[in-house]
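Residue numbers (the working numbering), protein chains in the order written: chain A, 52 to 501; chain B, 883 to 1207. Idealized CB from N, CA, C, for every residue including glycine. Since the structure is predicted, the reported quantities are computational estimates derived from the model, not experimental observations. What follows is one structure encoded as structure tokens, with my remarks underneath.
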């Protein structure tokens, strides 16, 4: 709404400006030249506007404060930040591809989810080479995995990292208490060193909540699957659906099979609320306490607090995740070639992905910074999240990303991911029988890759 | 100038061309002739221009794209009819076709029957007739998306009103999205809620054009109200019924918004295993989720063919209404 209003105003101003221009150019034919010269001079003094488009639910990228700070300090480069949608694969990405192809409509700075980086790397013609504006110098700030993902098929630097999705487990304190489980986050973390222990706790929870409409232990198959895959992929050659030569390894990669089997196990044991993630019923269940635990990469905290609302402050908490370190998601910023102000855009991009921008985004949206200086900054390392009972999220996520390894994501990663997760949802909700699920899972993945 | 053509003075003249030429000399005959012949075309041209830009061109371009392996913002190469061959062996496509036809039948038949009954009732002398006539039209002015959102919440598994109501009788919560039959019922009710009144009003308008003396004559001959309905009303409504069936066929086969909203997310997959994915959703999914423009274009042409066949079949059915009796 706010954004619409702003657009309305901007459009009105643009129309007025255009009319004024038309009047001056029509009214006088001879003295028009000096007038036009004046116009040119004033246009140069006018601030360049750099637009930033992002995606994500809840607090999304958390750039409100960072943008405000920049705009106050740079009257000549004004940043306009707009979050387009909460859905990446099926709304933001198709729209972005159309705008890139059309050559107009994309913002000066666009946010890209990790899942689409393979796709974007293969399309270097659409992006500005950031090395031309000196951003090559940022290399030392980033872990190698994050940096390398921003290098495209032409071997040019086209994107810099924003956040990384280090892993935790979110849990409902009130539901844990009712089920007679510990509620303090350190104790909760100790309950589940691995996924077997996690399942045992799940069984305990289920025994305390036997009714049909009682809360379930987990949300559904999607989050669990992605969390486990993020832990398993680094153990299996750092690949997920595609190997490094972009061949589909869905069926042969043990990481996928392990993740699938674990999800199937939890689903068959009746521990899930059978909800597909990022849907309205899922949001409602986060708010109303339809389930007790959910795998939470750093950025998910913003999603949970956004969906649960301020009324539920303190009901959710964060503990360590079973099974060790992993990275799910995390994003990048890039400057499309169509941008009219690539130099200024690169400057703003440098700021947003720099220490200052990263720290402010973490404070606002819990998006854990990918750059090392920001991670080490006390403002990040010591930050507590008030929504989650003042959980020391800086410390928790800092520990969870320490030994992170890069996972290669193929060009069609996003499509395959969407397709196979649909099968998981079907299996969990009963439309795909458990004994056929793996075959269907593979079929769906092969089809989406083909 | 053009008015002269239609004026009563024109017919006696041998032809408009000569009449224009006769009056023409001082103004330049060529121009007048051109004006006379071209103006009508000029006046109707806006429609045809728009139709060419937004109708013919996209049709042709879609056909062209469908012959390519065409990736959004990516490579394209000519593959001939390969997309079509792949499509007719694609289970997912036929699943979408079956869903579309299933939901079409499930929604349209009760809808038309109900509309007919409603129209017949509204055609009677009843108290507050205007109120009821306006009332049945009310759902039409609501937005499709709003209708779909509200119905989807009503059909919600955990917090939906329908499951709550069924729960009063001890029924387990139904996951409406999970099975084909339940999803089809849910979506059909959305369609019917919105369109039944619209069809009823059109049928009502047609009923009012049926001459009263037919009914009077029938009454004198001793025909019951039911017999009058079947022997007079239905046959006389035939052209309108054909129109309604056409419109419903096109609407039903391009069904899109309701199942998309029912899904709760815009992945266009129509449920986890495509329980209610329609052909329109299949097209959008291929084009804008999997970025395969060529394949999606081929599917769009198949949908066009499907609508054509569907309309023809329905036409041959409705044409027989009352005709044989």
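Would you mind reading off the limits of the beta strand (DSSP E) that contains residue i?
i	result
residue 184(A)	Residue 184(A) -> no beta strand (DSSP E), and no H or E assigned at all.
residue 383(A)	382-385
residue 342(A)	342-348
residue 930(B)	Looking at the DSSP string, residue 930(B) is not in any beta strand (DSSP E); the run it does join, the alpha helix (DSSP H), is 911-933.
residue 269(A)	267-269
Would you verify that the beta carbon of residue i is, or is not, closer than 8 Å to some beta carbon of chain A?
i	result
residue 1148(B)	yes
residue 1170(B)	yes
residue 959(B)	no
residue 1052(B)	no
residue 1155(B)	yes
residue 903(B)	Residue placement at residue 903(B) is poorly supported in this model, since its pLDDT is 45, which falls under 50; the coordinates still yield a value, given next. No, residue 903(B) lies away from the interface with chain A (no Cβ there is under 8 Å from its Cβ).
residue 951(B)	no
residue 954(B)	yes
residue 964(B)	no
residue 1201(B)	no
residue 1061(B)	yes
residue 984(B)	no
residue 917(B)	no
Quick one: Cα of residue i to Cα of residue j, how far?
i	j	result
residue 1148(B)	residue 1106(B)	53 Å
residue 174(A)	residue 377(A)	28 Å
residue 393(A)	residue 403(A)	15 Å
residue 472(A)	residue 1151(B)	11 Å
residue 1170(B)	residue 976(B)	20 Å
residue 1182(B)	residue 250(A)	47 Å
residue 963(B)	residue 1177(B)	10 Å
residue 987(B)	residue 1031(B)	23 Å
residue 1193(B)	residue 108(A)	43 Å
residue 407(A)	residue 419(A)	13 Å
residue 922(B)	residue 171(A)	53 Å
residue 417(A)	residue 444(A)	8 Å
residue 247(A)	residue 187(A)	45 Å
residue 974(B)	residue 1155(B)	9 Å
residue 905(B)	residue 990(B)	Only weak support is given to the placement of residue 905(B): the predicted model assigns it a pLDDT of 49, under 50, and the value that follows is read from those uncertain coordinates. Whole-angstrom Cα-Cα distance: 59 Å.
residue 131(A)	residue 189(A)	24 Å
residue 1132(B)	residue 1047(B)	34 Å
Counting only C-beta atoms, is residue i closer than 8 Å to chain B at any point?
i	result
residue 318(A)	no
residue 169(A)	no
residue 422(A)	no
residue 466(A)	yes
residue 482(A)	yes
residue 266(A)	no
residue 329(A)	yes
residue 107(A)	no
residue 204(A)	no
residue 486(A)	no
residue 477(A)	yes
residue 374(A)	no
residue 98(A)	no
Can you tell me whether residue i is helix, strand or coil according to DSSP?
i	result
residue 1203(B)	coil
residue 42(A)	Nothing in the structure corresponds to residue 42(A), since chain A is present only between 52 and 501.
residue 474(A)	helix
residue 458(A)	coil
residue 192(A)	helix
residue 1174(B)	strand
residue 357(A)	helix
residue 211(A)	strand
residue 135(A)	strand
At which residues does the alpha helix (DSSP H) containing residue i begin and terminate?
i	result
residue 103(A)	That residue, residue 103(A), is in no alpha helix (DSSP H); its beta strand (DSSP E) goes 99-106.
residue 172(A)	168-172
residue 1132(B)	1120-1135
residue 1064(B)	1062-1090
residue 1150(B)	Taken as a continuous stretch (DSSP letters only), residue 1150(B) belongs to no alpha helix (DSSP H), as it is neither H nor E.
residue 502(A)	Any property of residue 502(A) remains undetermined from this structure, which presents chain A solely from 52 to 501.
According to DSSP, what are the bridge partners of residue i?
i	result
residue 952(B)	958(B)
residue 367(A)	223(A)
residue 1004(B)	Answer is none; residue 1004(B) lacks a bridge partner.
residue 206(A)	Beta-bridge pairing links residue 206(A) to no other residue.
residue 129(A)	100(A)
residue 217(A)	378(A)
residue 326(A)	Paired residue(s): none; residue 326(A) is not in a bridge.
Name the chain C residues that come within less than 8 Å of residue i, Cβ to Cβ?
i	result
residue 138(A)	Given the protein chain composition of this structure (A and B), no chain C is represented.
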